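Chemist: Heads up: the sequence shown is residues 1 to 132, going by full-length UniProt numbering. Ideal placement from N, C-alpha and C gives every residue a C-beta, glycine not left out. This structure is a prediction, so every number in the text was calculated from the model and none was measured.
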Amino acid sequence: MGASRPECTVPLVEVCVTDDLDLAALARSRQVFDRLVELRPAHVVVDLSACRHLDAAAVGLLLDVHRQLTRHGGVLTLRDPSPRAMRVLSAARVSRVLPMVTTPRALSVDGGLVPPAVHRQPAPPRLREHSR
1 MGASRPECTV PLVEVCVTDD LDLAALARSR QVFDRLVELR PAHVVVDLSA
51 CRHLDAAAVG LLLDVHRQLT RHGGVLTLRD PSPRAMRVLS AARVSRVLPM
101 VTTPRALSVD GGLVPPAVHR QPAPPRLREH SR
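#1: Taking only three categories from DSSP, how would you classify V17?
#2: Could you compute how far the alpha carbon of R87 sits from the alpha carbon of L39?
#3: Please state the DSSP three-state secondary structure of L62.
#4: State buried or exposed for Q121, treating a residue as buried only when at least 16 other CB atoms are found within 10 Å of its CB.
#5: In three-state DSSP terms, what is V46?
#6: Taking DSSP's pairing of strands, which residues face R79 in a bridge?
#7: Run the CB neighbour count on T18, radius 10 Å, all protein chains shown included, and call it buried at 16 or more, exposed below.
Below is the structure:
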């Protein structure tokens with residue numbers, strides 16, 4: 001009887017997509033993600049801030065990587081998708097499956113991403129002492 005293999009061996013892997021993530025790049029991208037999944041990371045962050053174009057094939061790849069990671073207790077997070085990539089991801093309703101985060105450096109005044117709304121509980125009213 002052999003020792004069982006740990007579920008996660010690498011705590012965090014960050015991948016920065018610096019080119020288009022589309023059907024033309026699918027084979028090469030799949031090889032990279034397959035090697036990454038073999039590491040059984042606990043958390044994978046895919047930075048899409050420099051990705052100019054994303055298509056349905058890329059969405060399928062990201063969802064496939066998500067499924068593979070979750071089988072071993074891992075999580076896939078998409079970070080800073082460009083406005084164009086965000087439109088594709090929104091149309092595919094990817095945010096219902098994958099966490100997406102926006103960092104302050106990804107925000108721009110010229111129509112870039114807007115940070116998600118922060119829901120805060122209102123502060124409780126302050127009690128004032130009344131003098132008699």
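Modeler: For this structure:
#1: coil
#2: 31 Å
#3: helix
#4: The predicted model places Q121 with a pLDDT of 42, which falls under 50 and marks its position as unreliable; any figure quoted below should be read in that light. Its Cβ having fewer than 16 others within 10 Å, Q121 is exposed.
#5: strand
#6: D47 and V101
#7: exposed
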